[in-house]
Amino acid sequence: MIAVCRFDKKGEVMKIERIRCVGFRSLKDVNIELANYNTLIGKNDSGKSSLLLALNKLFDPELRLTSDDKCKLPFYDGDCFVEAEISGIKSGLGSAGTLVVRKSLDQGLQYKSKVPANETIRKMMDGHLLKGDISKLPEKIRAIVNKEVAALPKGKIPSENATTIYEKLKADKLLEFTDGWARMDERELSALIRVVFLSANMRGEEETQYTGNSVLTSVCGQLLRDAVAKDPGIAKITDEYEAEIGRVFQKNASGQWELTELNEFQDVLNEEIKRFDSGINSESVLHPPKIPTINFGLSLEISDGCVTGIDYMGHGLRRSIVFAMLRTHRRLRQNKTSGGHRSGPFYLFLIEEPELYLHPQAERRRMNELKELANEANTQVVLCTHSAFFVDLSEYKGIHRFERRDRLETRVEVWDGPDLDPETAETVSLICRTNSQHSAMVFADLVILVEGESEQIAIPYVARKLELEDSGIDIEVVSCGGCSKIPPIQKILEGLRIRYVAWLDNANKNDKADIAKAKKARSREYGRIVITDRNWETMNKLSGNESKIYKSWKHFIKDGNMPNEEFEKRLRAAYSFQDYGI
672 MIAVCRFDKK
682 GEVMKIERIR
692 CVGFRSLKDV
702 NIELANYNTL
712 IGKNDSGKSS
722 LLLALNKLFD
732 PELRLTSDDK
742 CKLPFYDGDC
752 FVEAEISGIK
762 SGLGSAGTLV
772 VRKSLDQGLQ
782 YKSKVPANET
792 IRKMMDGHLL
802 KGDISKLPEK
812 IRAIVNKEVA
822 ALPKGKIPSE
832 NATTIYEKLK
842 ADKLLEFTDG
852 WARMDERELS
862 ALIRVVFLSA
872 NMRGEEETQY
882 TGNSVLTSVC
892 GQLLRDAVAK
902 DPGIAKITDE
912 YEAEIGRVFQ
922 KNASGQWELT
932 ELNEFQDVLN
942 EEIKRFDSGI
952 NSESVLHPPK
962 IPTINFGLSL
972 EISDGCVTGI
982 DYMGHGLRRS
992 IVFAMLRTHR
1002 RLRQNKTSGG
1012 HRSGPFYLFL
1022 IEEPELYLHP
1032 QAERRRMNEL
1042 KELANEANTQ
1052 VVLCTHSAFF
1062 VDLSEYKGIH
1072 RFERRDRLET
1082 RVEVWDGPDL
1092 DPETAETVSL
1102 ICRTNSQHSA
1112 MVFADLVILV
1122 EGESEQIAIP
1132 YVARKLELED
1142 SGIDIEVVSC
1152 GGCSKIPPIQ
1162 KILEGLRIRY
1172 VAWLDNANKN
1182 DKADIAKAKK
1192 ARSREYGRIV
1202 ITDRNWETMN
1212 KLSGNESKIY
1222 KSWKHFIKDG
1232 NMPNEEFEKR
1242 LRAAYSFQDY
1252 GI
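Okay, here's the thing in structure tokens:
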């Protein structure tokens, strides 16, 4: 998986811009760009949740890729890895502020860097070089290595000695470098990026406990951990503990461990080995344990006065409490005195189906909250959804359409057009704020763009009566609020690679100008155009003084009239993705 981050104009912040998954479940090779606020959409089992899971596994230090994650598609026997490129990095890991990390099934977590071109030096830095295996090194380098390891016992060169050698060779400019991969400590990555994953099947009771990867642990609990780590008394004890650990895990001048039991174990083991092969020798290598994080047993007791325990309450309330923790996280990160943000790591929020158990107004509020969260510095939101409420067409670069035909590999359609010009972007923003149906169209297989509600209510009803709807194809008829608004919506559909039919009037000069714009906006791959015989009322012979919408509803739906020949020909063309009348 590739993730690319950049510098924000307001200051150095990390932003994931590009992700790539290779050989991960149905994601054979998926490469997409990310915005601050991202929605993954598509039919069931199209790979949306797999992408969230892959991102979670990449950035969660407790998770590993397993054989279950490897792509099981026919004829695939390639790699399985998740890769991220992050800029805005201030640590020494990044080259020119950029860090590339990879978590693979075979190699674990690595980062891309300038590594020594010499294979023996790379082997030493990876912890695999034996003391006596340095004969292939150049003479000057070999002399420095020999001096450093002379007092060491036989076996692998310890990491602290390897680091000393490396720094000396680098200072003396004896090393040549090339692009390569080096091991990375999970703690280093988690110090830079913290991931919060809200799965669709999360249990409220689990998410409000300070355990594992719960939301409370990931979001609110981190504030406690940071505070405890900065406490002077605890910091002093931690330093002393680390010093004692270091003493125990180092050999003394005579090459013996401080732990006599380990020396005895090593001697007896070598005696047993030499009984069957005198040429074999073993060497014990101690790996210091990770200093444990000081965790308090924090939990939330939820009660409504009658019922205690979140798992005994409604599903919607459970989800709402979890999202309340996200809002709490956002508020606590803000520095109210300066109006800015407290320094801290980058947060990646991965949310699976945020619409679950929510009524429409709550969905709308939740979407606004997530967008506000995504606009925070060092914060990004990626969610998968089946709800149009969580799709914002003004964030068109953050819409990713997942397709998995015949249950084979997942393909993702992403924005493929130029940036919208300011006028078009403004029109799209206005249209979407007055009619949420426009967000629903990005879920469809085919979109029919019409002038207004008269066409919108009649076309799908008549199409069903004529049995034009294919159960395998989702068609959305969208009212654009005037023929002049159709070309801007075309540009959105073109950029997202969604097939559409633009259905326009042809009664006057303004209509002809709109038709010309529609022709210019459409591509032959994704767009078709249907031209009405003059206008909707004339073509369908709708008479009377009532409103156009009422006349359309009464004629086709209330009175049940079938379409005349002119309407039916255009309707059949639209539903079969054909041009008509141009």
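Using this note's numbering, you'd call the opening residue of the sequence shown number 672 and step up by one each time. Even glycine gets a Cβ: it sits at the ideal position worked out from N, Cα and C. Nothing here was measured: the structure is a model prediction, and the numbers come from that model.
- Excluding the five sequence neighbours on either side, which residues of its own chain have a C-beta within less than 6 Å of the C-beta of V1083, listed in chain order? Around V1083: V701, I703, H1071 and F1073.
- Message: Measuring CB atoms only, is the region 858 to 875 touching the region 727 to 737, in the sense that at least three cross pairs come out at less than 8 Å?
- Response: Yes: at least three Cβ pairs fall under 8 Å.
- Task: Could you pull out every residue in the same chain whose Cβ sits closer than 7 Å to the Cβ of I828, ignoring the five residues on either side in sequence?
- Result: M795, L800, K802 and V820
- In angstroms, rounded to a whole number, what distance separates the CA positions of G1011 and A1244? Residue confidence for G1011 is low, a pLDDT of 45 falling below 50, so the modelled location carries little weight; the figure read from the coordinates is stated next. Distance from the CA atom of G1011 to the CA atom of A1244, rounded to whole angstroms, is 56 Å.
- Query: Just to confirm, are Y1067 and L1120 a CB contact at a threshold of 8 Å?
  - Reply: no
- Task: Could you tell me whether the region 1203 to 1214 touches the region 1161 to 1170, using the rule of 3 or more Cβ pairs below 8 Å?
- Result: no
- Item | The alpha helix (DSSP H) enclosing T931, as first and last residue numbers | T931 to K945
- Task: Classify S720 as buried or exposed, calling it buried when 16 or more other Cβ atoms lie within 10 Å of its own Cβ.
- Result: buried
- Query: For the region 1135 to 1151 against the region 1180 to 1191, are there 3 or more C-beta pairs whose distance is under 8 Å?
  - Reply: no
- Message: Quick check on this structure: which residue in M855, L846 and D797 has the alpha carbon closest to the alpha carbon of N832?
- Response: D797
- Message: Can you find the residues in the same chain that come closer than 7 Å, C-beta to C-beta, to L1199, ignoring five residues on each side of it along the sequence?
- Response: In the sequence under discussion, the amino acid at residue 1199 is Arg, which differs from the Leu named in the question. Non-local beta-carbon contacts of R1199 in its own chain, meaning distances under 7 Å to residues more than five positions away in sequence, involve V1172, F1248, Q1249 and D1250 in chain order.
- Relative to the alpha-carbon of G826, which residue among I812, D740, A814 and D804 has its alpha-carbon at the smallest distance? D804
- Query: What are the uninterrupted segments assigned as beta strand (DSSP E) that are 3 or more residues long and contained completely in the region 1105 to 1145, given in chain order?
  - Reply: 1117 to 1121
- Message: Are the CB atoms of V816 and L808 within a distance shorter than 8 Å?
- Response: yes
- Query: Given a threshold of 16 other Cβ atoms within 10 Å of its Cβ, counted over all protein chains shown, does I1102 qualify as buried or as exposed?
  - Reply: buried
- Query: Excluding sequence positions up to five away, which residues of its chain have a Cβ less than 7 Å from the Cβ of R1075?
  - Reply: Apart from the 5 residues on each side of it in sequence, R1075 sits with its Cβ closer than 7 Å to the Cβ of S697, D716, S717, G718 and T1081 in its chain, given in chain order.
- Query: Once you ignore the five residues that flank A1096 on each side, which residues in its own chain have a CB closer than 6 Å to its CB?
  - Reply: So the list is empty, once near-sequence residues are dropped.
- Return the chain-ordered list of same chain residues with a C-beta closer than 6 Å to the C-beta of S1125, the five sequence neighbours on each side being excluded. W1207, K1219, I1220 and S1223
- With burial defined as no fewer than 16 other Cβ atoms inside 10 Å of the residue's Cβ, what is the status of R1241: buried or exposed? buried
- If you draw a straight line from the alpha carbon of R1036 to that of C1154, how long is it in whole angstroms? Computed Cα separation, rounded: 31 Å.
- Task: Compute the Euclidean distance between the alpha carbons of K1007 and R1001, then round it to the nearest angstrom.
- Result: For K1007, the pLDDT reaches just 42, beneath the cut-off of 50, and the residue's location in the model is therefore unreliable, although a value from the coordinates is still provided. The alpha-carbon atoms of K1007 and R1001 are separated by roughly 12 Å.
- Message: Need the endpoints of the alpha helix (DSSP H) that R1036 sits in, please.
- Response: P1031 to A1045
- Message: Could you give the first and the last residue of the continuous alpha helix (DSSP H) run that contains T849?
- Response: Element bounds for T849: not the alpha helix (DSSP H) but the beta strand (DSSP E), F848 to R854.
- Message: Looking at the strands, I want to know which residues DSSP matches up with D700.
- Response: V693
- Item | Outcome for N1179 when other beta-carbon atoms lying within 10 angstroms are tallied against a minimum of 16 | exposed
- Message: Could you compute how far the alpha carbon of S1058 sits from the alpha carbon of Q1032?
- Response: 12 Å
- Task: Could you tell me which of D1176, Q1127 and E1196 sits nearest to D1227, measuring between CA atoms?
- Result: First, the amino acid is wrong: residue 1227 is Phe here, not Asp. Checking every option, the nearest Cα to that of F1227 belongs to Q1127.
- Message: Under DSSP, the alpha helix (DSSP H) around N1211 begins and ends at which residues?
- Response: W1207 to N1211
- Message: Just to confirm my understanding: we take S775, look at its own chain, exclude 5 residues before and 5 after, and list those with CB closer than 7 Å. What are they?
- Response: L736, D750, C751 and F752
- Message: Can you find the residues in the same chain that come closer than 8 Å, C-beta to C-beta, to S830, ignoring five residues on each side of it along the sequence?
- Response: The answer, listed in chain order, is G798.
- Item | Bounding residues of the beta strand (DSSP E) (the contiguous stretch that carries S775) | T769 to S775
- Message: What ranges does the alpha helix (DSSP H) occupy inside the region 697 to 763, keeping only unbroken runs of at least 4 residues that lie completely in it?
- Response: 719 to 730
- Query: What is the residue span of the alpha helix (DSSP H) that I1186 lies within?
  - Reply: K1180 to A1192
- Item | Coarse secondary structure for E1217, derived from DSSP in three states | coil
- Message: Check this for me: beta carbons of L1041 and L1029, under 8 Å apart or not?
- Response: no
- Would you mind giving the Cβ-Cβ distance between L845 and I812, rounded to the nearest angstrom? I have them listed as a contact below 8 Å. 6 Å
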